[in-house]
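If you read the protein sequences in the order shown, they are chains A and B.
For the first sequence, the working numbering assigns the number 1 to the initial residue and increments by one for each residue that follows.
For the second sequence, the working numbering assigns the number 1 to the initial residue and increments by one for each residue that follows.
Glycine residues also receive a C-beta, built at the ideal position from the N, C-alpha and C atoms.
From a predicted model like this one, the values you see are computed outputs, not experimental measurements.
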Amino acid sequence: QPTLPLVINTWPFRSATQAAWNVLAAGRSALDAVERGCTQCEIDQCDGSVGYGGSPDESGETTLDAMIMDGSTMKAGAVANLRRIKNAIGVARAVMEHTKHTFLVGESASLFAESMGFVCEDLTTNRSLSIYSKWLEQHCQPNFRTNVTPDPEKSCGPYKPLKELKNGKPPSLQKAVDVHSHD
Amino acid sequence: TIGMIGVDKNGNVATGTSTNGASHKIPGRVGDSPVIGAGAYADSSVGGAAATGDGDTMMRFLPSYQAVENMRMGADPTSACQKAIARIQKHVPVFFGAIVCANKTGSYGAACGKAPGFSQFHYTVFKPGRSQPLDEVVDCL
Chain A
1 QPTLPLVINT
11 WPFRSATQAA
21 WNVLAAGRSA
31 LDAVERGCTQ
41 CEIDQCDGSV
51 GYGGSPDESG
61 ETTLDAMIMD
71 GSTMKAGAVA
81 NLRRIKNAIG
91 VARAVMEHTK
101 HTFLVGESAS
111 LFAESMGFVC
121 EDLTTNRSLS
131 IYSKWLEQHC
141 QPNFRTNVTP
151 DPEKSCGPYK
161 PLKELKNGKP
171 PSLQKAVDVH
181 SHD
Chain B
1 TIGMIGVDKN
11 GNVATGTSTN
21 GASHKIPGRV
31 GDSPVIGAGA
41 YADSSVGGAA
51 ATGDGDTMMR
61 FLPSYQAVEN
71 MRMGADPTSA
81 CQKAIARIQK
91 HVPVFFGAIV
101 CANKTGSYGA
111 ACGKAPGFSQ
121 FHYTVFKPGR
131 SQPLDEVVDC
141 L
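The following block contains the structure:
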C-alpha cells in the first residue's frame with residue numbers, strides 16, 4: 001500500500017480534508033491541496049474558529065489570519081488582521097505569488113486583497129453579533145487585558161494602564177484555558 | 001483554526017493555516033497561525049507540521065518549526081510532535097495546544113498538551129486506501 005499522497009489537518013474538519021484530498025487525487029500540487037482544504041473550512045466556518053462570523057474581537061469585528069507555505073521552494077505568504085475578505089488563505093497565496101513580501105496585515109492587507117480581485121464583504125453574522133452581545137452582558141468576560149484600570153476581570157473598558165504592575169511583575173505565562181477559543 | 005499538511009505523491013510538502021483567532025481578543029492581536037514556523041512549517045526535504053491552540057503561548061516557541069527540525073534530526077512524526085509540546089510545557093506546564101506532524105514519506109503523528117477540558121486531541125487524515133477521511137485521536141501529554 002503506498003503511503004502518499006497524504007492530507008492531515010488539525011481537528012475533525014472532515015470536509016476540509018476531503019476537499020484537499022480531491023485536489024491531490026486529481027494530480028495537482030500539495031500547495032493547491034492545502035489552499036483548497038483551508039478554503040473549504042473558511043466556507044464551512046469550521047467550529048466557528050475559521051472564517052467569517054466567528055471569534056469577534058473587543059469591538060465585535062471578525063478578522064482573519066492565514067498562511068500558506070511551499071516546502072519545496074520555501075516560498076510563503078501570510079495575512080493577519082484581514083478585514084472584510086472571506087477567503088483569507090487565498091489572499092495569503094496571493095501574497096506569495098504576486099508580491100516579493102511574505103506577510104501583509106490589517107487594513108492594508110484588505111486593500112491588497114481587493115486589488116487582487118477578492119470580494120469585499122461584511123464578516124459579521126448573527127452568530128458573531130450574539131457572541132459579542134453576550135460578552136458585553138457578562139461585563140466583557142473573559143478578557144485579555146491585564147494591569148489596567150478599571151479591573152478588566154470585572155469591568156469593560158476603556159482601560160488605562162496601572163502606574164505599577166500588580167506584584168511588580170509582568171503577567172504569568174500561565175493562562176486560563178478556553179478550549180473553544182483557539183488559534 | 002485549521003492547520004493542514006499536504007504531501008503529494010512525489011513527496012512535495014505544503015502547509016496552510018486559517019483562523020479567525022481568539023474570541024474577544026484586543027483589536028490588532030494576532031496569534032500563531034499566520035506566523036511561519038509557529039502555526040505551520042514545511043520543508044519537502046523533511047516534512048511538515050501544523051499547530052493549534054492558545055496562539056499567544058504557542059507563537060513564542062515556534063512549535064511547527066521545532067517539530068520539523070526534530071524530524072530532520074531523525075525523530076519520527078509522533079516523537080517530533082511530542083518533543084515540540086514538551087518544550088513548551090517546560091515553561092508553561094499547563095497550556096492548551098496541539099500539533100500534527102507528517103514526514104515526506106507519508107508517516108504522520110500528533111501530540112497535545114493536557115489542560116482542563118482538553119485531554120485528547122482529534123485530527124483528520126486522508127491517505128491511500130481510504131474512501132473517506134479518517135478520524136484520529138491522541139491522548140495529551
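Under DSSP, the beta strand (DSSP E) around Y41 (chain B) begins and ends at which residues? The sequence position of residue 41 (chain B) within the second sequence is 41, counting from 1. Taken as a continuous stretch (DSSP letters only), the beta strand (DSSP E) holding Y41 (chain B) covers 40-43.
Does any C-beta atom of chain A lie closer than 8 Å to the C-beta of A98 (chain B)? One-based indexing of the second sequence puts residue 98 (chain B) at position 98. So, interface residue.
**Study point:** I2 (chain B): contacting residues in chain A (beta-carbon distance under 7 Å)
**Key:** In the second sequence, the residue the question calls residue 2 (chain B) occupies position 2. Simply N9, T10, W11, F13, A16, C38, C41, C46, V50.
- Which residues mark the beginning and the end of the alpha helix (DSSP H) in which F112 (chain A) is found? Mapped onto the first sequence, residue 112 (chain A) falls at position 112. Counting along the chain, the alpha helix (DSSP H) containing F112 (chain A) begins and ends at 106-115.
Item to complete: Kindly identify the DSSP beta-bridge partner or partners of C112 (chain B).
Response: Working through the second sequence from its first residue, we reach residue 112 (chain B) at position 112. Its beta-bridge partners are B:A98.
Helix, strand or coil at M58 (chain B) [DSSP, three-state]:
For this step, residue 58 (chain B) is matched to residue 58 along the second sequence. If DSSP states are grouped into helix, strand and coil, M58 (chain B) belongs with the helices.
request  = Taking only the alpha-carbon atoms, compute the straight-line gap between D178 (chain A) and A49 (chain B) and give it to the nearest angstrom.
outcome  = Against the first sequence, residue 178 (chain A) aligns to sequence position 178. Against the second sequence, residue 49 (chain B) aligns to sequence position 49. A straight line joining the alpha-carbon of D178 (chain A) with that of A49 (chain B) spans about 23 Å.
Checklist entry - In the region 37-108 of chain A, which residue ranges form an unbroken alpha helix (DSSP H) of at least 4 residues, counting only runs that do not cross its ends? => result 88-98
- request: Please confirm whether T124 (chain A) and T62 (chain A) have their CB atoms less than 8 Å apart.
  value: As a working note, residue 124 (chain A) is residue 124 in the first sequence. As a working note, residue 62 (chain A) is residue 62 in the first sequence. With contacts defined by Cβ atoms closer than 8 Å, T124 (chain A) and T62 (chain A) form a contacting pair.
(Q) Considering only their Cβ atoms, is the gap separating S29 (chain A) from S44 (chain B) smaller than 8 Å? (A) For the purposes of this step, residue 44 (chain B) is identified with residue 44 of the second sequence, where counting begins at 1. For the purposes of this step, residue 29 (chain A) is identified with residue 29 of the first sequence, where counting begins at 1. No, the pair does not count as a contact, with Cβ atoms beyond the cut-off.
query: What is the rounded straight-line gap between the Cα of V148 (chain A) and the Cα of L173 (chain A)?
result: Sequence index remark: in the first sequence, residue 148 (chain A) carries index 148 (1-based). Sequence index remark: in the first sequence, residue 173 (chain A) carries index 173 (1-based). Those two C-alpha atoms are separated by around 18 Å.
Open item on the list: Using a 10 Å radius around the Cβ and a threshold of 16 neighbouring Cβ atoms, would you call D135 (chain B) buried or exposed?
Closed with: Residue 135 (chain B) sits at position 135 when you count from the first residue of the second sequence. Under the 10 Å beta carbon count, D135 (chain B) is surrounded by fewer than 16 other beta carbons and is classified as exposed.
Note down, in chain order, every chain B residue with its Cβ under 9 Å from the Cβ of L173 (chain A).
Locating residue 173 (chain A) in the first sequence gives position 173, counting from the first residue. By Cβ distance, chain B contributes T57, R60, H91, V92, F95.
Exercise for the section: For S18 (chain B), name the three-state secondary structure that DSSP assigns. Expected result: Locating residue 18 (chain B) in the second sequence gives position 18, where the first residue counts as 1. DSSP places S18 (chain B) in strand when its eight states are reduced to three.
Practice prompt. Give every residue of the same chain whose Cβ lies closer than 6 Å to the Cβ of G48 (chain A), excluding the five residues on either side of it in the sequence, and list them in chain order.
Written response: Along the first sequence, read from residue 1 onward, the residue named residue 48 (chain A) stands at position 48. Contacts found: G54.
Are at least three pairs of beta-carbons, each pair with one atom in the region 103-117 of chain A and one in the region 126-142 of chain A, less than 8 Å apart? no
Mind checking if A109 (chain A) is an interface residue toward chain B, Cβ cutoff 8 Å exclusive?
The count along the first sequence starts at 1 and reaches residue 109 (chain A) at position 109. By this cut-off, A109 (chain A) is not an interface position.
- Query: Could one say the Cβ of T99 (chain A) lies closer than 8 Å to chain B's Cβ atoms, at least one of them?
  - Reply: Counting from one through the first sequence, the residue named residue 99 (chain A) turns up at place 99. Output row for T99 (chain A): interface = no.
| said: Quick check: what's the CA-CA separation for A111 (chain B) versus S64 (chain B)? | reply: Taking the first residue of the second sequence as 1, we reach residue 111 (chain B) at position 111. Taking the first residue of the second sequence as 1, we reach residue 64 (chain B) at position 64. Spanning the two alpha carbons is a distance of roughly 12 Å.
Using a beta-carbon distance below 8 Å, is S29 (chain A) in contact with chain B? Translated into the one-based positions of the first sequence, residue 29 (chain A) becomes position 29. A Cβ of chain B is located within less than 8 Å of the beta carbon of S29 (chain A).
- prompt: Buried or exposed: where does Q138 (chain A) fall if 16 or more other Cβ atoms within 10 Å of its Cβ makes it buried?
  reply: Here residue 138 (chain A) corresponds to residue number 138 of the first sequence, with the count starting at 1. A residue is called buried when at least 16 other Cβ atoms come within 10 angstroms of its Cβ; Q138 (chain A) does not meet this threshold and is exposed.
For this session: Can you give me the start and stop residues for the alpha helix (DSSP H) that I88 (chain B) sits inside?
Result: In the second sequence, residue 88 (chain B) corresponds to position 88, counting from 1. Its alpha helix (DSSP H) spans residues 77-91.
Start and end residues, alpha helix (DSSP H) containing E69 (chain B): Translated into the one-based positions of the second sequence, residue 69 (chain B) becomes position 69. DSSP places E69 (chain B) inside the alpha helix (DSSP H), whose first and last residues are 63-72.
Measuring only the C-alpha atoms, how far is E35 (chain A) from K163 (chain A)?
On the first sequence, position 35 is the one that residue 35 (chain A) refers to. On the first sequence, position 163 is the one that residue 163 (chain A) refers to. The straight-line gap from Cα to Cα measures roughly 46 Å.
> So which of B:F126, B:I5, B:D54 has the shortest CA-CA distance to G21 (chain B)?
Replying inline: The residue given as residue 21 (chain B) occupies position 21 in the second sequence. The residue with the shortest Cα to Cα distance from G21 (chain B) is B:D54.
- [ ] Following the continuous beta strand (DSSP E) through Q120 (chain B), name the residue where it begins and the one where it ends.
- [x] Working through the second sequence from its first residue, we reach residue 120 (chain B) at position 120. Note, Q120 (chain B): beta strand (DSSP E), 120-126.
Is it the case that the region 28-48 of chain B contacts the region 6-19 of chain B, given that we only count it when at least three CB pairs across the two stretches are under 8 Å?
yes
Q) Do N126 (chain A) and the ligand ATP come close, with the Cβ less than 7 Å from some heavy atom? A) Although the ligand ATP was asked about, the structure shown includes no ligands whatsoever.
Chain-ordered chain B contacts of P2 (chain A) [CB-CB under 7 Å]
As a first step, residue 2 (chain A) is located in the first sequence; it is residue number 2 there, counting from the start. Here the neighbours are P128.
Let me make sure I understand the geometry here. Which of B:P133, B:A42, B:I2 has the alpha-carbon closest to that of A102 (chain B)? To locate residue 102 (chain B), count along the second sequence from 1; it is residue 102. Answer by Cα proximity: B:A42.
### Task
Using only alpha-carbon positions, find the residue among B:K104, B:P93, B:S107, B:K127 that is nearest to A115 (chain B).
For the purposes of this step, residue 115 (chain B) is taken as the residue at position 115 of the second sequence. When each option's Cα is compared against that of A115 (chain B), the closest is B:P93.
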